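*Asks:* Chains A and B are the protein sequences, given in the same order. Here this note's numbering is used: the first residue of the first sequence is 535, the next is one more, and so on. Here this note's numbering is used: the first residue of the second sequence is 535, the next is one more, and so on. We treat Cβ as the ideally placed atom computed from N, Cα and C, and that holds for glycine. Source: prediction; values computed, not measured.
Number of protein chains: 2
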Amino acid sequence: MSSPVTAAEKDPPYKIAVAGLGTVGCGVVEILQKHEGLLARRTDRPIEIVAVSARSKGKDRGVDLSAYKWMDDPQALTADPDIDCVVELIGGSEGVAYDLVKAALNAGKDVVTANKALLAHHGDELARLAEDKGGALAYEAAVAGGIPIIKTLREGFAANRISGLHGILNGTCNYILTEMRESGRSFDAVLKDAQDLGYAEADPTFDIDGIDAAHKLAILTALAFGVRIDFERVRVSGIRHVSDVDIAFAEEFGYRIKLLGVARQLEDGTLLQSVEPCLVPRHSAVGAIDGAFNAVFTEGDFVGPGAMVGLGAGRGPTASAVVADLVDLCMGQKRPVFSVPAKNLTPADYADSAAVSGHFYLRLSVLDKPGVIADVSAILRDCRISIEALMQRGRDPGQQVPVVMITHDARQADLARACEQMAALSTVLEPPRLFRIEKIASL
Amino acid sequence: MSSPVTAAEKDPPYKIAVAGLGTVGCGVVEILQKHEGLLARRTDRPIEIVAVSARSKGKDRGVDLSAYKWMDDPQALTADPDIDCVVELIGGSEGVAYDLVKAALNAGKDVVTANKALLAHHGDELARLAEDKGGALAYEAAVAGGIPIIKTLREGFAANRISGLHGILNGTCNYILTEMRESGRSFDAVLKDAQDLGYAEADPTFDIDGIDAAHKLAILTALAFGVRIDFERVRVSGIRHVSDVDIAFAEEFGYRIKLLGVARQLEDGTLLQSVEPCLVPRHSAVGAIDGAFNAVFTEGDFVGPGAMVGLGAGRGPTASAVVADLVDLCMGQKRPVFSVPAKNLTPADYADSAAVSGHFYLRLSVLDKPGVIADVSAILRDCRISIEALMQRGRDPGQQVPVVMITHDARQADLARACEQMAALSTVLEPPRLFRIEKIASL
Chain A
535 MSSPVTAAEK DPPYKIAVAG LGTVGCGVVE ILQKHEGLLA RRTDRPIEIV
585 AVSARSKGKD RGVDLSAYKW MDDPQALTAD PDIDCVVELI GGSEGVAYDL
635 VKAALNAGKD VVTANKALLA HHGDELARLA EDKGGALAYE AAVAGGIPII
685 KTLREGFAAN RISGLHGILN GTCNYILTEM RESGRSFDAV LKDAQDLGYA
735 EADPTFDIDG IDAAHKLAIL TALAFGVRID FERVRVSGIR HVSDVDIAFA
785 EEFGYRIKLL GVARQLEDGT LLQSVEPCLV PRHSAVGAID GAFNAVFTEG
835 DFVGPGAMVG LGAGRGPTAS AVVADLVDLC MGQKRPVFSV PAKNLTPADY
885 ADSAAVSGHF YLRLSVLDKP GVIADVSAIL RDCRISIEAL MQRGRDPGQQ
935 VPVVMITHDA RQADLARACE QMAALSTVLE PPRLFRIEKI ASL
Chain B
535 MSSPVTAAEK DPPYKIAVAG LGTVGCGVVE ILQKHEGLLA RRTDRPIEIV
585 AVSARSKGKD RGVDLSAYKW MDDPQALTAD PDIDCVVELI GGSEGVAYDL
635 VKAALNAGKD VVTANKALLA HHGDELARLA EDKGGALAYE AAVAGGIPII
685 KTLREGFAAN RISGLHGILN GTCNYILTEM RESGRSFDAV LKDAQDLGYA
735 EADPTFDIDG IDAAHKLAIL TALAFGVRID FERVRVSGIR HVSDVDIAFA
785 EEFGYRIKLL GVARQLEDGT LLQSVEPCLV PRHSAVGAID GAFNAVFTEG
835 DFVGPGAMVG LGAGRGPTAS AVVADLVDLC MGQKRPVFSV PAKNLTPADY
885 ADSAAVSGHF YLRLSVLDKP GVIADVSAIL RDCRISIEAL MQRGRDPGQQ
935 VPVVMITHDA RQADLARACE QMAALSTVLE PPRLFRIEKI ASL
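(1) Kindly indicate if chain A contains any beta-carbon less than 8 Å away from that of Met605(B).
(2) Nearest CA to the CA of Asp780(B): which residue from Thr961(B), Leu731(B), Phe969(B)?
(3) Taking the alpha-carbon of Asp741(B) as reference, which of Val809(B), Ala876(B), Ile913(B), Leu805(B) has the nearest alpha-carbon?
(4) Measure the CB-CB distance between Asp948(A) and Arg918(A) and report whether it falls below 8 Å.
(5) Which residue from Cys619(B), Lys591(B), Gly596(B), Val562(B) puts its Cα closest to that of Ala551(B)?
(6) Against His569(B), what residues of chain A qualify as contacts under a CB-to-CB distance less than 9 Å, listed in chain order?
(7) Using the Cα positions of Lys792(B) and Val814(B), report the straight-line distance between them to the nearest angstrom.
(8) Could you name the residues of the region 751-769 of chain A whose beta carbon sits closer than 9 Å to any beta carbon of chain B, in the order they occur along the chain?
(9) How do the region 640-648 of chain A and the region 661-680 of chain A stand: do at least 3 beta-carbon pairs fall below 8 Å, yes or no?
(10) To the nearest angstrom, report how far apart Pro966(B) and Pro875(B) are at their CA atoms.
(11) Reducing DSSP to helix, strand and coil, say where Ala728(A) ends up.
(12) Please say whether Phe783(B) and Met939(B) have beta carbons closer to each other than 8 Å?
(13) Quick check on DSSP: helix, strand or coil for Val820(B)?
(14) At the 8 Å Cβ level, is Ala585(B) part of the contact set with chain A, yes or no?
(15) Just reading off the beta strand (DSSP E) that His893(B) is part of, what are its end residues?
(16) Measuring alpha carbon to alpha carbon, tell me which of Glu833(B), Val630(B), Gly626(B), Ala678(B) ends up nearest Leu653(B).
(17) Smallest Cα separation from Ser960(B): which of Pro931(B), Gly928(B), Val900(B), Ala853(B)?
(18) Is Lys877(B) buried or exposed, if buried means 16 or more other CB atoms sit within 10 Å of its CB?
(19) I'd like the span of the beta strand (DSSP E) that includes Glu922(B), first residue to last.
(20) Based on DSSP bridge pairs, tell me the residues matched to Tyr632(B).
(21) Can you tell me whether DSSP reads Phe740(B) as helix, strand or coil?
(22) Is the beta carbon of Val621(A) less than 8 Å from the beta carbon of Tyr602(A)?
(23) Can you list the residues of chain A that Arg595(B) reaches, using a CB-CB cut of under 8 Å?
(24) Rounded to whole angstroms, what is the Cα-Cα separation between Pro538(A) and Gly821(A)?
(25) Residues of chain C with a CB under 9 Å from the CB of Leu845(A): which are they?
(26) Evaluate Pro615(A) with the Cβ neighbour count: other Cβ atoms within 10 Å of its Cβ, from every protein chain shown; 16 or more gives buried, anything less gives exposed.
(27) According to the neighbour-count rule (16 or more other Cβ atoms, all chains shown, within 10 Å of its Cβ), is Ser873(A) buried or exposed?
(28) Would you list the one or two residues that DSSP bridges to Lys549(A)?
(29) For a test of the three-state rule: what should DSSP assign to Pro966(A), helix, strand or coil?
(30) Can you round the beta-carbon distance between Val635(B) and Leu611(B) to whole angstroms, since I take them to be within the 8 Å contact cut?
(31) Can you list, in chain order, the stretches of the beta strand (DSSP E) that have 3 or more residues and sit fully within the region 927-953 of chain B?
(32) Closer than 7 Å, Cβ to Cβ, to anything on chain A: give me those residues from the region 793-812 of chain B, in chain order.
(33) How big is the Cα-Cα spacing for Gly932(A) and Pro904(A)?
(34) Can you name the start and end residues of the alpha helix (DSSP H) that Gln567(A) belongs to?
(35) Using DSSP bridges, identify the partner residues of Lys792(B).
(36) Opposite Asp644(B) in the DSSP bridges: which residues?
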C-alpha cells in the first residue's frame, strides 16, 4: 500500500494568494510567517504565499509582504496557474468578493474564505460550482472563528442526526448585552462605548440587527441538517429593542438575555431557524457566556449534547481558522462544502413561526391606575395565554410603570395577537416588549 | 482538474471489520445500520461491515449481526484482503488488542480504536508502524468520546502553538465528586452507589486512581505539543483521598474539587503533565462541569482560549466518535497519527514536579489545644510558605478539629517538606491533605 504521509514529503508547496489585507488577511500572513516551522512539521508540505492583493499597496500593515507578488486586481489571481488556492478576505456578499470567488472556483482553484455574507447569499451556487470544478470551498473562519464548529458538524459529528443547535454567534451583541447587564446602562450608551473601543463598527447595523448572526446561523443550519442554505428563511430580530429594564427584570426572574441563533427540528419535522434576543436560564452554560465569546451548543442522536466556546472574531482566532483550512487543503482533505454534496442538499421545510410555541417574557409600560391588570388579564385569557409569573415593581399612581409577565407554554401567534390588543389599550403607553424564553437542554 | 467529490461515487465500499462487540462495538454496528442512508448522503461511498469478531458468538447483543462474517479469532481479520479497516474495541493495553492492532497495521490496513491504554503505552510504536505501512491509526473515541478533541487539536487548531490544556477526562470521577458535593456523603458511600448504578466498574481502580484520565492526558499532550507520547511521565494521583470534608471546605473558599488533567508548557520551556484532584474556582467554566460530562480547555497562541464539553463515555458518544473516524478514512482523510509524523515527534523535557509552584489547599487534622497554630505557622514560615487564608471551624478543646489553609504562591517541594514536618507534630493527628489550586484562564 502507498504511504500518503511519507509521499507528501515530495509534494510541491501548496501555493496560495491572499486577497484582502485587513486585520484578518495580515493575521493569516503573520501566522504563515511566524509558524512556518511548526506548520512544516505538521504538514510535510509547505504552504507558500505566492501573491497578495489589496486596495492600497503603499500602506504599512505591520507585516512584511515584500516576498510576494502584488496584484492590484484580485481577479488577476485567478488567472495565475501557479496559484492553488485563493484566500478571500475582502468581505461583502456581492461585488469584488463574489466575482473573485466565482472566478477562482471556475478556474478549478481551492477557495478559503471568512465571508459569511457571501456564503449566506450565494452558498448554494458556490458549493455546486466548487464541486463541479473540483476545487474546495472552505470557510471555517466564517462562523465563530475561534471555534472549529464547521469541522465539528461536518466531520466530528458526521455519525449523528443533529436534532438542534443554538448559539451565541455575534461577539459584538454579546459584549453589549454583557456590558448592559453589568453596568446597568442603556443600549445606546453601551453601544457608543463599544464603538469608541473598536468592539463595534461605526455602522453597527449588521451586528446589532442580528444580520451577521443570521448569516452564520444559515451556514450552520445547512451543515447540520443537510439542507440547502436559505438565509431568507432565518427569522431575525436584533438587540436594538432590548432595554436595560428588560435585562434587570430577566435577572430577577433568573434569566439572562442573549442574542441566540437557533436551528432546531420541531416535532412536525419542520425546521425552526431564528436569530433573536431570548431569555436563557441565568445558570445555564449559555447564560454564562459573556463578553466577546461565542458558543455553539449542539445535540446529536448518538453523541448527545455538546458545547464549544471560543472567541468569535478578531485577528487571531479568525486567521487561525483560515490557516486550519489551508492545512486541511494542503494535506488533500476535501469534504463536500456543506457536508453533503451540493446536488444532494434538499430544501428545508421551515416552521411557520406563528405556530412556534414556548414560554415568553412580556413587558408592558402601563399607566398605574386601577383596572389595568384586569384589562390585560382579560386579553391574555381571551388569547388563551396563561401566566406563570407577574411582577409590578413599585407603585406610582398616575405614572408610567412597568409590568412584566412570564407566560406558560403559549403559541407565538396568540402572543402576537394579544400584544396587538394590549397595545390598543389607552393605559398601555408603549409597544409591548416580547422575548421568547429558550428552553435549554442538559448543557 | 479532477473532482474528488464526484469521483468518490464510483469508489468501492470502505470495508471494515469490528473486533469486540461490547457496548461500544454494538453501538458502532447500530449507527452504521440505522444511519446507512444519512452516511451515504455524506460520503457517497458506503461504509460496509464485512466481518465481526468477539468472544462468544451465541450471545444476544440486541443488534443483527447475521449479515457479517463471524470470526472467533480477531487475528483472522488481519489476513483478509477484503478488509480495509479493523475497528479495535476489545480494550486493554496488551494481549489480544495489541496483537490485533499491530498485525492489522503491519498488513497495511487502517485501524480505528477507542483504546486509550493501548495508545498511552504503545502509541509511539504503533504510530510509526501505521505511517511506515501506509495505514491510518485513528482514535477519536479514545479521549472524551462526545468531544471531537483529537480532531480539534490535530486539525482545527493546527495553526497554533498550544501553550496549555486542562480538562476533566474521566466521567466516573467527575460523577463521584459531583455526587459527594451535592449529597455531602463520603467517597466510599458514593462510590458504592455509582457501582450499583453502573456508573463505576466493579474494579474502579483505573478510574478513581486517575490512570484512565492519565492515559487520555498522555494522548492529548503528544497531540498538542508534538512530543512523543510518554504515559510514564504523567504525574498521577486519583480521588480516593478526597474527603467530603475537603469538598465542603473548598466550597466555602469559593472552589470546587475536580480531577483535572493538565498539560502545560512552563516558563522554562518544560512540560507539566499531571492528573490530580485540584481546586478550581467555583464559578469558572471548568468548575461548572458536573456529573458524567467531560470538558477540555485549550489555549492557543492565535486562537486564544477555547472550551469543549460533551459526554465522556458511554455507548452513543463513543460509537459516534468511532464512526466519525470511519467517515474520515472512507473519504481518504488521513493525518499523521499524532498530528506530526511520528518520526518528527521529539521527546519532551518534563518539568521537575517539585519545582512546580502555585497556590495550594492544605488541610490538617489537629488536636484543638493552644499553640498548635503557632507550631504549624512556624513550620510554614521556615519553609517559606505564606498563607492567604486560614480557617479553623468551631472549637472543641482536646478533640480533633480540621484546620484549612490556602497558601500564596509556593513551590510544591516546599509544601511537601512542610507537610512532612507538620505530620511529625504530636498535635497533627492525620497525614496533611494537600491539593493544588489550578489557576484558570479567562474561560
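*Replies:* Checking against the coordinates, here is how it stands:
(1) Locating residue 605(B) in the second sequence gives position 71, counting from the first residue. No, its Cβ sits nowhere closer than 8 Å to a Cβ of chain A.
(2) Taking the second sequence and counting its residues from 1, one reaches residue 780(B) at position 246. Taking only the C-alpha atoms, the option nearest Asp780(B) is Phe969(B).
(3) Residue numbering aside, residue 741(B) sits at position 207 when the second sequence is read from its first letter. It is Val809(B).
(4) By one-based count along the first sequence, residue 948(A) stands at place 414. By one-based count along the first sequence, residue 918(A) stands at place 384. If you check the CB distance, Asp948(A) and Arg918(A) come in under 8 Å.
(5) The sequence position of residue 551(B) within the second sequence is 17, counting from 1. Of all alpha-carbon atoms in Cys619(B), Lys591(B), Gly596(B), Val562(B), the one lying nearest the alpha-carbon of Ala551(B) is that of Cys619(B).
(6) Looking up residue 569(B) in the second sequence gives position 35. Against chain A, a Cβ distance below 9 Å from His569(B) picks out Ala693, Asn694, Arg695, Asp835, Phe836.
(7) By one-based count along the second sequence, residue 792(B) stands at place 258. By one-based count along the second sequence, residue 814(B) stands at place 280. About 7 Å.
(8) Residues passing the 9 Å Cβ filter: Gly760.
(9) The way I'd put it, the region 640-648 of chain A does touch the region 661-680 of chain A; three or more beta-carbon pairs between them come closer than 8 Å.
(10) Position 432 of the second sequence holds residue 966(B). Position 341 of the second sequence holds residue 875(B). Pro966(B) and Pro875(B): Cα-Cα distance of roughly 45 Å.
(11) Counted from its first residue, the first sequence places residue 728(A) at position 194. DSSP, read as helix, strand or coil, puts Ala728(A) in helix.
(12) On the second sequence, position 405 is the one that residue 939(B) refers to. On the second sequence, position 249 is the one that residue 783(B) refers to. Not a contact, by the Cβ cut-off of 8 Å.
(13) Reading the second sequence from its first residue, position 286 is the one you call residue 820(B). Annotated three-state conformation of Val820(B) is helix, per DSSP.
(14) Numbered from 1 along the second sequence, position 51 holds the residue referred to as residue 585(B). Judged by the 8 Å Cβ criterion, Ala585(B) is not in contact with chain A.
(15) Against the second sequence, residue 893(B) aligns to sequence position 359. From DSSP, the beta strand (DSSP E) with His893(B) extends over 891-901.
(16) Counting from 1 along the second sequence, the entry for residue 653(B) is found at position 119. Gly626(B) is the residue among Glu833(B), Val630(B), Gly626(B), Ala678(B) whose C-alpha sits nearest the C-alpha of Leu653(B).
(17) If you number the second sequence from 1, residue 960(B) lands on position 426. Checking every option, the nearest Cα to that of Ser960(B) belongs to Val900(B).
(18) Numbered from 1 along the second sequence, position 343 holds the residue referred to as residue 877(B). Counting the other CB atoms within 10 Å of its CB gives Lys877(B) a total below 16, which places it among the exposed residues.
(19) In the second sequence, counting from the first residue as 1, residue 922(B) sits at position 388. In the DSSP annotation of this structure, the continuous segment of the beta strand (DSSP E) that includes Glu922(B) starts and ends at 921-926.
(20) If you number the second sequence from 1, residue 632(B) lands on position 98. DSSP lists no partner for Tyr632(B).
(21) Taking the first residue of the second sequence as position 1, residue 740(B) is located at position 206. Shown here, Phe740(B) sits in a helix according to DSSP, grouped into three states.
(22) Sequence index remark: in the first sequence, residue 621(A) carries index 87 (1-based). Sequence index remark: in the first sequence, residue 602(A) carries index 68 (1-based). Between Val621(A) and Tyr602(A), the gap from beta carbon to beta carbon reaches 8 Å or more.
(23) In the second sequence, counting from the first residue as 1, residue 595(B) sits at position 61. Residues of chain A passing the Cβ test: none, with the nearest at roughly 17 Å.
(24) Here residue 538(A) corresponds to residue number 4 of the first sequence, with the count starting at 1. Here residue 821(A) corresponds to residue number 287 of the first sequence, with the count starting at 1. Its pLDDT being 45, under 50, Pro538(A) is placed unreliably in this model, and the value from its coordinates should be taken loosely. Rounded to the nearest angstrom, the gap between the Cα atoms of Pro538(A) and Gly821(A) is 45 Å.
(25) Among the protein chains of the structure shown, namely A and B, there is no chain C.
(26) Taking the first residue of the first sequence as 1, we reach residue 615(A) at position 81. Result: exposed.
(27) Numbered from 1 along the first sequence, position 339 holds the residue referred to as residue 873(A). Under this definition Ser873(A) is a buried residue.
(28) Against the first sequence, residue 549(A) aligns to sequence position 15. In the DSSP output, where bridge partners are listed per residue, Lys549(A) has Glu582(A).
(29) Translated into positions along the first sequence, residue 966(A) becomes position 432. In this structure, Pro966(A) counts as coil in the three-state DSSP scheme.
(30) Sequence index remark: in the second sequence, residue 635(B) carries index 101 (1-based). Sequence index remark: in the second sequence, residue 611(B) carries index 77 (1-based). Contact between Val635(B) and Leu611(B) fails: their C-beta atoms lie close to 11 Å from each other, not under 8 Å.
(31) Those beta strand (DSSP E) runs which fall completely within the region 927-953 of chain B and span 3+ residues are 934-941.
(32) Per Cβ criterion, the list is empty.
(33) Counting from one through the first sequence, the residue named residue 932(A) turns up at place 398. Counting from one through the first sequence, the residue named residue 904(A) turns up at place 370. Whole-angstrom Cα-Cα distance: 10 Å.
(34) For the purposes of this step, residue 567(A) is taken as the residue at position 33 of the first sequence. Here the alpha helix (DSSP H) through Gln567(A) covers 557-568.
(35) Translated into the one-based positions of the second sequence, residue 792(B) becomes position 258. Paired residues: Cys812(B).
(36) By one-based count along the second sequence, residue 644(B) stands at place 110. In the DSSP assignment, Asp644(B) is bridged to Cys619(B).
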